[in-house]
Structure formats: C-alpha cells, structure tokens
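With the numbering used here as the guide, the letters of the sequence shown map in order to residues 17 to 89. Encoded as structure tokens, the structure appears first; notes follow it.
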Amino acid sequence: MKYFNNKKYYCEQCDKKFDSQDILNTHAKEIHKKTLLKCSNCGKTFLHEKDRLHHMREEKQTEKENRKIKGYK
17 MKYFNNKKYY CEQCDKKFDS QDILNTHAKE IHKKTLLKCS NCGKTFLHEK DRLHHMREEK
77 QTEKENRKIK GYK
C-alpha cells in the first residue's frame, strides 16, 4: 500500500488521494464510471479483480481452517 501525505488510498487513473477505501470506491464509481467487483460470499467490493480474487482465496482458506477446528472436512 502506498501512502501520500498521510492518505492511504490513491486512484490509479487520476492520482487523487483518499483517506479510506470506501471514499476511493465512491470516487472511482462516480468519476471514472468504474464498476465495483463484488465478493459473492460476503458482498465486499473491490476496484480490481486481483484484489477480489485474493480476498476470496483468503476467505476460502479461513473457511477450511474453521472446518478443521470443528472436525469437518
């Protein structure tokens, strides 16, 4: 993650900087008409497919670990 002037999130299309992912998502959707990609399990949204896929892999791994703890396969 890159930091610019204490702002953690930046738009890759216009380099504007934002304090939160939600504000960046709103900016991208309204200004650049970019479609947000939604996780089919939890509904969390992402600007980039690579981020959505990473999230979904982590979510699946957590689910597998929880099943092992409960004794399921």
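Every residue, glycine too, gets a C-beta built ideally from N, C-alpha and C.
| Asked | Found |
| --- | --- |
| Span separating the alpha-carbon of N82 from that of M72 | 15 Å |
| Three-state class that DSSP yields for L63 in the structure shown | coil |
| Separation of Q29 from N57, as counted between CA atoms | 28 Å |
| Cutoff 8 Å; reference L52; Cβ partners in own chain excluding five residues on either side | N41, A44, K45, T61, F62, L63 |
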